[in-house]
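Since the structure comes first, as structure tokens, the remarks are kept for the end.
Protein chains: 2
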Amino acid sequence: MKDVLEYLDTNVDAAVDRLCDLIRIPTVGTDPKHDGDVRRGGDWLAQTLRDMGADASVRDTAGHPMVVGHMPGPADAPHVLFYGHYDVQPADPVALWDTDPFEPVLKQVDGDTQIVARGASDDKGQLMTFVEACRAFIATRGALPLRVSFLFEGEEESGSNSLPAFLENTAEELKCDLVLVCDSDMWGRDTPAITTHLRGLCGQEITISCADRDLHSGMFGNAARNALQVMADVVASLRSPDGAVAIDGFYDDVAPLAAQTRAEWDALSFDDDAFLADVGLTTPAGEVDQPVLHQIWSRPTCEINGMWGGYTDAGFKTVIPAQAHAKISFRLVAGQDPAKIRDQFQAHVQAQLPEDATVEFTDHGLAPAWALDRSNRFLTPALQALADEWGQSTTTGTGGSIPIVGALNAALGADALLVGFARFDNRIHSPNEKYDMSSFVGGMRAWARVIDRLSHGH
Amino acid sequence: MKDVLEYLDTNVDAAVDRLCDLIRIPTVGTDPKHDGDVRRGGDWLAQTLRDMGADASVRDTAGHPMVVGHMPGPADAPHVLFYGHYDVQPADPVALWDTDPFEPVLKQVDGDTQIVARGASDDKGQLMTFVEACRAFIATRGALPLRVSFLFEGEEESGSNSLPAFLENTAEELKCDLVLVCDSDMWGRDTPAITTHLRGLCGQEITISCADRDLHSGMFGNAARNALQVMADVVASLRSPDGAVAIDGFYDDVAPLAAQTRAEWDALSFDDDAFLADVGLTTPAGEVDQPVLHQIWSRPTCEINGMWGGYTDAGFKTVIPAQAHAKISFRLVAGQDPAKIRDQFQAHVQAQLPEDATVEFTDHGLAPAWALDRSNRFLTPALQALADEWGQSTTTGTGGSIPIVGALNAALGADALLVGFARFDNRIHSPNEKYDMSSFVGGMRAWARVIDRLSHGH
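Listed in order, the protein sequences are those of chains V and U. Just so it is clear: in the first sequence, position 54 is 53 by numbering that gives the first Met the number 0, and no numbers are missing. Just so it is clear: in the second sequence, position 415 is 414 by numbering that gives the first Met the number 0, and no numbers are missing.
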């Protein structure tokens, strides 16, 4: 592997420059005014793959485009499909950024260099670690040691709505032995991890309506139903005082955690207090009988992501708002059916409404949770390759959602290895998101080793 | 009175033109970007009074300016102070207006002409009825039959914060026998009213903070306290299921309604169902044991005027917001101390907060409620003058707040007659606000008669 690793070490600056070029395209997939930027991001990636010799193209969907690419390899080697997403979260609140969210800066912090920008970590930095590892094989050996396909999505942050139909139409083309994903975290600063648990997602937007217009609180105060009061009552009803989600049947289908997994998580010696203290908190807010690691990895949650209505500008307006809005999402765990949770939620909201209040629901994506079959034949060589580069490696869970995994399981029957080089403090989805140079360089080198071991280990 | 009334009838078009000139100045006092416009509105009024021969000027305050003017009258006649406000509510949601909110249009509806614009009714149209009545006396007789002072405020819609200090400094100059106010409604289409009850106001903005940054719901969902969930819990705790405000001690100081007043209100045969149906509602939302007229005139309320936090734009963002905000106001009744209510509210909110949640409060004005002393010597001649013009008149209550009244009581010791020509369906504070030409013309003529009767009846 010396040739490939040396190539990566010698060409780090060029790799960073390419990553920065991609970051500068503000591919905010959730905001329609950035639709053109998202497409530019896809074009950039397809061109990058073609420059490396891949057969790559941008494919239209009902939403944002997919990028698909293929690079040949030995006929008897495994065929892996690498998935990443090139859309990013909105940058707001923009005022809390120290620098322009879409103009990456290199910042020296604690002996490492951080690449600071929206998407530097999630997921542009991470997906480029794999692309650059492939580039190094091509540059040094003229070919990859296994067959690689690429699938880059532009809707991950908005619920991957176009993915199921796209996979259905391209299942033959994307058929593979293993999916590789780089959208997860390391376990600690020096320990790369393969994630075996993902939470699913059910996103809902609700609009509650009362009177047929906004009203003056002097003329109508008390007598007219206040849509914001109704919204508060509804949202308050979603959690019990013991921290549990208070929707009938919500926990019915939650798969119990395997004893082995529970033991492995215990061995991680997770520090609840430090985890919360890092973001200014002291007390877990979820189910009181669940440790923090279980609250975030193996227990479903209901979170209020946005809520608004009435007068929200400077000063004051004594209005009784006719409408109130909320964006609410559920992180789900293995066993739960996202559509069933959505139906239970909608029934719960309907049941809370007083006279004169009505509700409309808008879907913002459904994705099942996922857990890796621990007998997967690629797991051990991949863990070994990561340990070759970093000295150690581990499996973990995560509380996040990567819809592609469940969708690929369903469409292609291929399981996935979720290999992560992001650090826990990368501030993804928050102002001043960053990716450490140690993640980027170590990630590229580790992927090269994984590609090598997977090509031998089958 | 024939000369004065004929002058008013002959010069209606010019009076409407002047009102439209005033409306076109977007005097949105709650929004700092309109500060210059508010001042222009004050300048316009001072100039208008000077054109009529008044000694008038714009007076600076810590907030928006006051306009003060004086017109002489017979030495033995009463001295009345007319109060109005020239600031208006914000026009938003602007998209719901049929025409430009600040470009008045005359619209034929049901055999009357409506002046449609923000402020057409509240309070520019109403205050100009009095100004034009004074103009008619000057034009026809060269002088007013009583001494009149004018006080026009630019902060009524934002809590009248500068008023108490201003009154303290100008108490000698503004000393009078009676205050006249035109900022209230008629009772029904053809019955002008003198309002004897006003609710007070306590405006509060709260910001609830949890984590030190916005968080990813995948990484922290369940474990991290969600500021919007806390806000919903706090707001939900403000009302009981029986419709009462659920703050300890909130009703302790509410003055009982006088038996005579209760009987008068019963005689009005108020139609609860029609009142609610007019805005698309069927069921009163306040205390279940209180009739609607009492809910809005004599019972205090707590209304959520605005609430916001997290991601509120198009699409979806799976964020756990670090902060949540709400604008909350109380309409108070005679007997309640606004500062005491504020303190009770703040203590209530503090008591609801779970671990890791903190709250900051911002004051948005305090004003006591007010009820007229029914033995006031000007009440009967004023009711008679209104009946002379319209055929009948009555006293009523109102659920709104006019802070000047309580403030004037405190500063000058003069009680007030609240004479209203607005119709109940004027959509004040809402899109497509309007003032009927019958209100404007009948109001000008009625004011001329009131001025005449007050000058004789002392």
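For glycine and all other residues, C-beta sits at the position ideal for the given N, C-alpha and C.
Of the residues Trp389(U), Ile403(U), Thr128(U) and Gly124(U), which one's Cα is nearest the Cα of Arg23(U)?
Gly124(U)
I believe Ala333(U) touches Trp369(U) by the beta-carbon criterion, under 8 Å. Please report the beta-carbon distance rounded to the nearest angstrom.
7 Å
Give me the Cβ distance between Thr29(V) and Ala321(U), rounded to the nearest whole Å; I'm assuming they're in contact under 8 Å.
With a Cβ gap of about 19 Å, Thr29(V) and Ala321(U) do not count as contacting.
Find the nearest neighbour of Ala254(U) within the set His196(U), Pro290(U) and Asp232(U), judged by alpha-carbon distance.
His196(U)
Quick check: what's the CA-CA separation for Glu401(V) versus Ser183(U)?
The sequence given here has Ile at residue 401(V), not Glu. Going from the Cα of Ile401(V) to the Cα of Ser183(U) covers about 58 Å.
To be precise: take each residue of the stretch 396 to 407 of chain U, compare its Cβ to all Cβ atoms of chain V, and keep it if any distance is under 8 Å. Which residues remain?
Thr397, Gly398, Gly399 and Ser400
Residue interval of the alpha helix (DSSP H) (run including Asp111(V))
Unbroken run through Asp111(V) is the beta strand (DSSP E), Asp111 to Val115; no alpha helix (DSSP H).
In three-state DSSP terms, what is Tyr82(V)?
strand
Pull up the distance between the alpha-carbon of Val15(V) and that of Leu21(V), whole angstroms please.
10 Å
Along chain U, in chain order, which residues have C-beta atoms closer than 7 Å to that of Asp424(V)?
Those within 7 Å of Asp424(V) in chain U number zero; the least Cβ separation is about 10 Å.
C-alpha distance - Thr47(U) paired with Cys133(U), whole-angstrom precision:
12 Å
Element boundaries [alpha helix (DSSP H), containing Val332(U)]:
It is not in any alpha helix (DSSP H) - Val332(U) carries neither H nor E in the DSSP assignment.
Spatial neighbours of Val440(V) within its chain, please: C-beta separation below 7 Å, excluding the five flanking residues on both sides.
Val11
May I ask you to report which of helix, strand or coil DSSP gives Gln289(U)?
coil
Compute the Euclidean distance between the alpha carbons of Leu460(U) and Ser148(V), then round it to the nearest angstrom.
There is simply no residue 460(U) to check, as chain U begins at 0 and stops at 457 in what is shown.
Name, in chain order, the residues that DSSP records as bridge partners for Ile340(U).
BP columns for Ile340(U) are empty, so no partner.
Residues within the stretch 295 to 313 of chain U neighbouring chain V, beta-carbon criterion of under 7 Å:
Ile295, Arg298, Thr300, Glu302, Ile303, Asn304, Gly305, Met306, Trp307, Gly308, Gly309, Tyr310, Thr311, Asp312 and Ala313
Contact check, Leu200(V) vs Ala409(V) under 8 Å by CB: the rounded distance?
About 15 Å separates the two Cβ atoms, so there is no contact after all.
Indicate whether at least one CB of chain U lies closer than 8 Å to the CB of Lys174(V).
no
For Arg38(V) and Ala45(V), what's the separation of their Cα atoms in angstroms?
11 Å
Could you tell me which chain V residues have their CB closer than 8 Å to the CB of Lys326(U), listed as they occur along the chain?
Gly309, Tyr310, Thr311, Phe315 and Lys316
Alpha-carbon to alpha-carbon, Leu331(V) and Arg373(V)
20 Å
Flag this pair as yes or no: are the beta carbons of Pro380(U) and Leu267(U) separated by less than 8 Å?
no
Using DSSP with H/G/I as helix, E/B as strand and the rest coil, what is Val388(U)?
In the sequence on display, residue 388(U) carries Glu and not Val. DSSP places Glu388(U) in helix when its eight states are reduced to three.
Let me confirm a value: His33(V) is counted as buried when at least 16 other C-beta atoms fall within 10 Å, else exposed. Which label applies?
buried
Kindly indicate if chain U contains any beta-carbon less than 8 Å away from that of Ser157(V).
yes
Determine which residues share a DSSP beta bridge with His215(V) and list them.
Val318(V)
Rounded to a whole number of angstroms, what is the C-alpha to C-alpha distance between Phe136(V) and Leu143(V)?
6 Å
Alpha carbons only, please: which of Thr311(U), Phe315(U), Phe344(U) and Cys175(U) is nearest the one belonging to Thr300(U)?
Phe344(U)
Residues of chain U with a CB under 7 Å from the CB of Gln88(V): which are they?
Lys316
Using a beta-carbon distance below 8 Å, is Thr282(U) in contact with chain V?
yes
Per DSSP, what are the beta-bridge partners of Ala55(V) in this structure?
Gly68(V)
Would you check if the distance between the CB atom of Asp414(V) and the CB atom of Leu371(V) is smaller than 8 Å?
yes
In chain V, what lies closer than 9 Å to Val234(U) by C-beta?
Leu227, Gln228, Met230, Ala231, Asp232, Val234 and Ala235
Ala258(U): buried (16+ other C-beta within 10 angstroms of its C-beta) or exposed?
exposed
Rounded to a whole number of angstroms, what is the C-alpha to C-alpha distance between Thr395(V) and Gly187(V)?
11 Å
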